[in-house]
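Per the numbering used here, residue 36 is the first one in the sequence shown, and the count goes up by one each step.
Read through the structure below, which is laid out as structure tokens, and then see the notes.
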Amino acid sequence: MPVKRPNPGWWLYYQFGGRLPERYREWVLRDATCKSWVLRVLIRGLLQIAPLGAALFVGFGVLGGSWPIAGGALLLGVLVVARIVLTSAVDNVDARLVRYGYPPGHGSAVRRQRDADAAERYRAVWRQAPPD
């Protein structure tokens with residue numbers, strides 16, 4: 036059975052910290068444990084600061100500021116936010132899953148198991164004993 040994905044409105048609400056209805060519970064788990072989960076966390080963090088960053092960039096540029104300085108400040112802000120988001124990614128994702136009824140640490144456990152399964156498949160294919 037395919038996982039029910041939220042529509043763009045629900046997705047945007049979720050990206051800004053809203054809680055999705057129960058019917059999207061499995062999608063939230065998939066979002067937190069898929070191969071691209073770190074990229075998804077980074078996009079979520081950058082999306083949350085995008086309105087403020089755009090407003091400040093336009094405000095500094097329009098109000099007589101220097102466009103290169105405004106661009107540099109925006110870039111520095113994006114780098115700082117990316118660092119903060121990525122350093123707290125594991126804890127934030129696990130806490131988000133607890134809000135959806137999963138036990139604490141469930142996302143990390145699912146990712147560890149997926150990685151162990153992938154490593155086992157790799158060893159089975161590529162680390163065979165040489166023929167006699």
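For every residue, glycine included, the Cβ atom is placed at its ideal position computed from N, Cα and C.
**Asked** On the three-state DSSP scale, how would you describe N127?
**Response** In the sequence shown, the residue the question calls residue 127 occupies position 92. In the structure shown, N127 sits in a helix (DSSP, three-state: H, G or I).
**Message:** Considering only the alpha carbon of each residue, which of P56, R79, P43 and Y59 lies closest to V128?
**Reply:** Along the sequence shown, one-based indexing puts residue 128 at 93. If we check each option's Cα against that of V128, R79 comes out closest.
**Message:** Can you tell me whether L132 is buried or exposed? The criterion is at least 16 other CB atoms within 10 Å of its CB, across all chains shown.
**Reply:** As a working mapping, residue 132 is identified with position 97 in the sequence shown. The residue in question, L132, is buried, as its Cβ has 16 or more Cβ neighbours within 10 Å.
**Prompt:** When you compare only the Cα positions, how much space is there between E57 and I104?
**Reply:** Position 22 of the sequence shown, counted from the start, is the residue given in the question as residue 57. Position 69 of the sequence shown, counted from the start, is the residue given in the question as residue 104. Straight-line Cα distance between these residues: approximately 45 Å.
**Request:** Can you tell me which of L111, L110 and F92 puts its alpha carbon nearest to the alpha carbon of W102?
**Result:** Residue 102 sits at position 67 when you count from the first residue of the sequence shown. Selected option, being the one with the closest Cα: F92.
**Request:** Please report how far the alpha carbon of A67 lies from the alpha carbon of Y135, in whole angstroms.
**Result:** The count along the sequence shown starts at 1 and reaches residue 67 at position 32. The count along the sequence shown starts at 1 and reaches residue 135 at position 100. Cα to Cα, A67 sits roughly 12 Å from Y135.
**Prompt:** Are Q171 and L74 close, meaning C-beta to C-beta below 8 Å?
**Reply:** Because the chain in this structure spans residues 36 to 167, residue 171 falls outside the shown range and cannot be described.
**Item:** CB contact flag (V120, V63, <8 Å)
**Value:** Taking the sequence shown and counting its residues from 1, the one referred to as residue 120 is at position 85. Taking the sequence shown and counting its residues from 1, the one referred to as residue 63 is at position 28. No. Outside cutoff.
**Own chain partners of V38 with C-beta closer than 7 Å, once the 5 adjacent residues on each side are dropped** = Residue numbering aside, residue 38 sits at position 3 when the sequence shown is read from its first letter. E61, W62 and R65.
**Message:** Between G88 and V113, how many whole angstroms is the CB-CB distance? I'm expecting something under 8 Å.
**Reply:** By 1-based counting over the sequence shown, the position of residue 88 is 53. By 1-based counting over the sequence shown, the position of residue 113 is 78. Yes, they are in contact, since the Cβ atoms of G88 and V113 sit about 7 Å apart, within 8 Å.
**Item:** Cβ separation of P41 and Y59, assumed to be a contact under 8 Å, to the nearest whole Å
**Value:** Translated into the one-based positions of the sequence shown, residue 41 becomes position 6. Translated into the one-based positions of the sequence shown, residue 59 becomes position 24. Right, their Cβ atoms sit about 5 Å apart.
**Start-end ranges of the beta strand (DSSP E) lying completely within the segment 100-147, minimum 3 residues** = none
**Prompt:** Taking Cβ positions, are S143 and V160 nearer each other than 8 Å?
**Reply:** Indexing the sequence shown from 1 puts residue 143 at position 108. Indexing the sequence shown from 1 puts residue 160 at position 125. Against a cut-off of 8 Å, the Cβ pair of V160 and S143 comes out as no contact.
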